[in-house]
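A.B. asks: Just dropping this structure here.
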Amino acid sequence: MKTFCGRANPTTGAMEWLEEGEDYDYHQEIARSRYADMLHDKDRNVKYYEGIRAAVSRVKERGEKAIVLDIGTGTGLLSMMAASAGADFCYAVEVFKPMADAAVKIVEKNGFRDKIKVINKHSTEVTVGPDGDMQCRANILVTELFDTELIGEGALPTYEHAHKYLVQEGCEAVPHRARVYVQLVESKRMWSWNKLFPVRVEAEDGEKIIVSPSEMEKCPGVPSVCDIQLNQMPLSDFTILSDVVTMFSVDFSKPVRSASTCYRVQLEPLKSGKAQIVLSWWDIDMDPSGMINCSMAPYWVKSSSSFQWRDHWMQCVYFLPNEEPVLQGEKVYLTACRDEYSLWYNLQKVREEENKADVRVESPVCRCQAHLLWNRPRFGELNDQNRTSQYIKSLMKVLKADSVCLCISDGSLLPVLAHCLGAKQVQCFLGNVLFFFVKFFRANNIEDKIKIIEARPELLSSSHLEDKKISVLVGEPFFTTSLLPWHNLYFWYARTAVTSHLASNATVLPQSASLHMMIVEFQDLWRIRSPCGTCEGFDVQTMDDMIQNSLNFRESKEAEPHPLWEYPCKSLSDPQQVLTFDFRETVPQHCLSTEGSINLVRKGKSHGAVLWMEYNLIADISVSTGLIHISNEKGNCEWNPHCKQAVYFFSSVIESETSSDLPSAVTYAINFNTKTGEISMDFK
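If you want the working numbering, it's the 1-based position in the sequence shown plus 203.
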């Protein structure tokens, strides 16, 4: 069987379907899984173990045999905990075959072959009876089916089915219950991930304001949750408008209903402001008394000094359909609606309470198209006035009254900026987002001033340009298919494709780009690629080997994208420029390669290298997609919050405790293949 995988082709800016071997999909799933992160989550593992021991004891005290059903067993860890706690038998269900195979090996290696049966099925297909997968119904239900939103991985329908068909009435459940908490806040930063703010342009003929269409202002956006590491969001970036309240809870020891429903709470605003965002997280009680609790609460709520870092469960940001002004002390109703897999929120004034029809039960749908075109970091980038001003300053220097300007970037405001700054003629490629931009241009009364070219750059003809030559070619560059920082070099390929249409003295903005690199020590992100060895006394080496094998299959020679503003790290080297790309010239036929070494200047653990692009717009103005600055002597870094940086994890970590035993350098070899647009790298 062949697997077809979508991959961005940086030379064409398009998604292409590549045929991969039958193992590819599974290796990707394993290499990019969060199993390592979960096995390193000490707090989760200890609390599950305590909860399981307590549940087994309660069943035994009743004089019953302890029969455990573990749904989504993964490595088999929770089943092994149950068996060690004295359970008589465990049924461990795992739908992903490679994982189920690994669980069988791990269970056997740890000596639980006679106590644990691994069932490679979806739990809804498991049968009970003398000839079934399970001899009898279980009286202890153990699961770990949760994501950041709690219900996004189908926990509710799975529990609903298990209670109907797989467990006894009145069974013990670990976890016993979950609670979802909410807090209302105002945050210009987070709101900027969901709406386009007006853009002010100081042109020679006065200030112009670029606005978004009214449909966009009223649009509720997309229903998908925005899950982030809220612990990296400083208090200065939001204003708390309400206390933390419990939105709803689920008791997993009783039958669970997954059908769509709504919950409502009354909030009394602590201060007046604009209600824009609902922040949310959950906790789970592993036992009925609530003594064994595992919480995802962020730092300003949780007074505990010992924070457990985890990437598999974070916190949620929900955008209200519209900004709602609230007054201190004037009560409001917050409604949460959910289906089987997702949640969304609505806010109402108490006086509107009589009008029950106002409660919106259907999931939000983007009607303006902007939320389908731009993801949340992209909204943030377009709303970054400092970044926009760099482009405005650069455009002002290169545009003339007779400039014929062509813009190559996806869903960009550059064509509008170029028009506002006086370019005679502005054209742009906008790909498949024509409908939105027609409305956007109309909202700014410029629909007849900017021409949208409905062709790919390589198919550009003189007739598209009304037989004129391009005098200014601009790009941010930004393309929606880009995953890694250098994928936006598609701009260079597009620039090469339109060469014959450029005037002899044409300006290309940005004029060049450069690839930069730095060696770092991560505070926590290293855990997602770090072998575990043993977990709560159980040998899970088989899982480590499996992940390593899958990384070696393809990934270990590749960098992976991460938004480093969410993942603190410190620099162990100075940043170094390693490759440059001159957009004033066409893409060369030969590869661009570089070898060198980067000196380590601070002590610490060298977890890996971070790579990013910088774009040199004009001689003295550049924008970085990575490092903004190193903020102190310790080497703490501030990163561009709108972009993902490329992280290359080293296969072995070099630790240096004192400056005298610092390895002097890390050597690197980096190769940019101009035929494929990909960068390969190796470090020693």
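Heads up, the beta-carbon is just placed ideally off N, CA and C, and yes, glycines get one too.
For clarity, every value in this text was computed on a predicted model and none was experimentally measured.
Only counting the same chain, and skipping five residues up and downstream in sequence, which positions put a Cβ closer than 6 angstroms to that of C846?
C.D. replies: Residue numbering aside, residue 846 sits at position 643 when the sequence shown is read from its first letter. So the qualifying residues of the chain are T828.
A.B. asks: At a cut of 8 angstroms, does the region 714-721 reach the region 800-814 through at least three beta carbon pairs?
C.D. replies: In short, these stretches touch, since the Cβ pair count reaches three.
A.B. asks: Would you check if there are 3 or more beta carbon pairs closer than 8 angstroms linking the region 386-403 to the region 451-459?
C.D. replies: Because the criterion of three Cβ pairs below 8 angstroms is not met, the region 386-403 and the region 451-459 do not touch.
A.B. asks: Bridge partners for S867 per DSSP, in chain order?
C.D. replies: Reading the sequence shown from its first residue, position 664 is the one you call residue 867. According to DSSP, which records beta bridges pairwise, S867 is partnered with nothing at all.
A.B. asks: Could you give the DSSP three-state label for K411: helix, strand or coil?
C.D. replies: By 1-based counting over the sequence shown, the position of residue 411 is 208. Three-state result, K411: strand.
A.B. asks: Using a 10 Å radius around the Cβ and a threshold of 16 neighbouring Cβ atoms, would you call F638 buried or exposed?
C.D. replies: Start at 1 with the first residue of the sequence shown, and residue 638 comes out as number 435. The residue in question, F638, is exposed, as its Cβ has fewer than 16 Cβ neighbours within 10 Å.
A.B. asks: Based on Cα-Cα distance, which residue from E739, D748 and P688 lies nearest to I882?
C.D. replies: As a working note, residue 882 is residue 679 in the sequence shown. Residue P688 is the option with its Cα nearest to I882.
A.B. asks: Could you work out which residue in Q511, M494, P501 and K603 is closest to A709 when comparing CA atoms only?
C.D. replies: The count along the sequence shown starts at 1 and reaches residue 709 at position 506. With distances taken between Cα atoms, A709 lies closest to K603.
A.B. asks: Could you tell me whether the region 311-322 touches the region 348-360, using the rule of 3 or more Cβ pairs below 8 angstroms?
C.D. replies: Contact between the region 311-322 and the region 348-360 is absent, because fewer than three Cβ pairs lie under 8 angstroms.
A.B. asks: Would I801 be called buried (16 or more neighbouring beta carbons within 10 Å of its own) or exposed?
C.D. replies: Your numbering for residue 801 matches position 598 in the sequence shown. Looking at its Cβ environment, which holds 16 or more other Cβ atoms inside 10 Å, I801 is buried.
A.B. asks: Check whether the region 391-399 and the region 478-487 are in contact - that is, three or more C-beta pairs closer than 8 angstroms.
C.D. replies: Short answer: they touch.
A.B. asks: Under the rule that 16 or more other beta-carbon atoms within 10 Å means buried, what is D240, buried or exposed?
C.D. replies: The count along the sequence shown starts at 1 and reaches residue 240 at position 37. That one is buried.
A.B. asks: The ligand ATP and A211: does any heavy atom of the ligand fall closer than 7 angstroms to the residue's C-beta?
C.D. replies: Among the components of this structure there are no ligands whatsoever, and the ligand ATP is therefore not found.
A.B. asks: With DSSP as the reference, label Q714 as helix, strand or coil.
C.D. replies: Residue numbering aside, residue 714 sits at position 511 when the sequence shown is read from its first letter. It is coil, neither helix nor strand.
A.B. asks: If you reduce the DSSP assignment to three classes, tell me which class N252 lands in.
C.D. replies: Looking up residue 252 in the sequence shown gives position 49. The question names Asn, yet the displayed sequence has Tyr at residue 252. Note: Y252 maps to helix in three-state DSSP.
A.B. asks: Just checking my contact of V520 with K534 at CB under 8 angstroms: how many whole Å lie between their CB atoms?
C.D. replies: Position 317 of the sequence shown holds residue 520. Position 331 of the sequence shown holds residue 534. No, V520 and K534 are not in contact; Cβ-Cβ is about 24 angstroms, not under 8 angstroms.
A.B. asks: Which term fits E220, buried or exposed, when burial requires 16 or more other beta carbons within 10 angstroms of its beta carbon?
C.D. replies: Numbered from 1 along the sequence shown, position 17 holds the residue referred to as residue 220. Residue identity differs from the one stated: residue 220 is Trp in this sequence, not Glu. So W220 ends up on the exposed side.
A.B. asks: Check for me: the beta strand (DSSP E) holding H765 runs from which residue to which?
C.D. replies: Here residue 765 corresponds to residue number 562 of the sequence shown, with the count starting at 1. That run of the beta strand (DSSP E) goes E763 to H765.
A.B. asks: Using only the alpha-carbon positions, how far apart do D613 and F632 sit?
C.D. replies: In the sequence shown, residue 613 corresponds to position 410, counting from 1. In the sequence shown, residue 632 corresponds to position 429, counting from 1. So the alpha carbons of these two residues sit roughly 8 angstroms apart.
A.B. asks: By how many angstroms is the C-alpha of V414 removed from the C-alpha of E836?
C.D. replies: Translated into positions along the sequence shown, residue 836 becomes position 633. Translated into positions along the sequence shown, residue 414 becomes position 211. In a straight line, the C-alpha of E836 is about 42 angstroms away from that of V414.
A.B. asks: Determine the closest residue to G906 out of F853, F441 and L624, with distance taken between C-alpha atoms.
C.D. replies: Nothing can be reported for residue 906, as the shown portion of the chain is limited to 204 through 887.
A.B. asks: Run through DSSP, which three-state label would V619 get?
C.D. replies: Here residue 619 corresponds to residue number 416 of the sequence shown, with the count starting at 1. Looking at V619 - three-state DSSP - the assignment turns out to be helix.
A.B. asks: With a threshold of 16 other CB atoms inside 10 Å of the CB of V804, please say whether the residue is buried or exposed.
C.D. replies: Within the sequence shown, residue 804 is the residue found at index 601, counting from 1. Per the 10 Å Cβ criterion, exposed.
A.B. asks: Based on Cα-Cα distance, which residue from A762, D785 and T789 lies nearest to Q177?
C.D. replies: The structure shown does not extend to residue 177, since the chain is modelled only from 204 through 887, so no value can be given for it.
A.B. asks: Does the Cβ of A822 have 16 or more other Cβ atoms within 10 Å, making it buried, or fewer, making it exposed?
C.D. replies: Reading the sequence shown from its first residue, position 619 is the one you call residue 822. Exposed, since its Cβ has fewer than 16 Cβ neighbours within 10 Å.
A.B. asks: For L369 and I233, I'd like the C-alpha separation in whole angstroms.
C.D. replies: By 1-based counting over the sequence shown, the position of residue 369 is 166. By 1-based counting over the sequence shown, the position of residue 233 is 30. Their backbone Cα atoms lie some 29 angstroms apart in a straight line.
A.B. asks: Pick helix, strand or coil for Q744, following the three-state DSSP scheme.
C.D. replies: On the sequence shown, residue 744 is found 541 positions in, with the first residue counted as 1. Of the three classes helix, strand and coil, the one that applies to Q744 here is helix, per DSSP.
A.B. asks: Looking only at DSSP bridge pairs, what is C150 linked to?
C.D. replies: Lying before the first or after the last residue shown, residue 150 is absent from the chain, which here runs from 204 to 887.
A.B. asks: Might you give, ordered along the chain, the residues of its own chain that have their beta carbon closer than 6 angstroms to the beta carbon of V298, omitting 5 neighbours on each side?
C.D. replies: Stepping through the sequence shown from its first residue, residue 298 is reached at position 95. For V298, where only same-chain residues beyond five positions count, the Cβ hits under 6 angstroms are H325.
A.B. asks: Would you call Q792 buried or exposed, if buried means 16 or more other Cβ atoms sit within 10 Å of its Cβ?
C.D. replies: What you label residue 792 is simply residue 589 of the sequence shown in a count that begins at 1. Classification for Q792: exposed.
A.B. asks: Between F784 and A700, is the Cβ-Cβ spacing less than 8 angstroms?
C.D. replies: Locating residue 784 in the sequence shown gives position 581, counting from the first residue. Locating residue 700 in the sequence shown gives position 497, counting from the first residue. No, the Cβ-Cβ distance between F784 and A700 is not below 8 angstroms.
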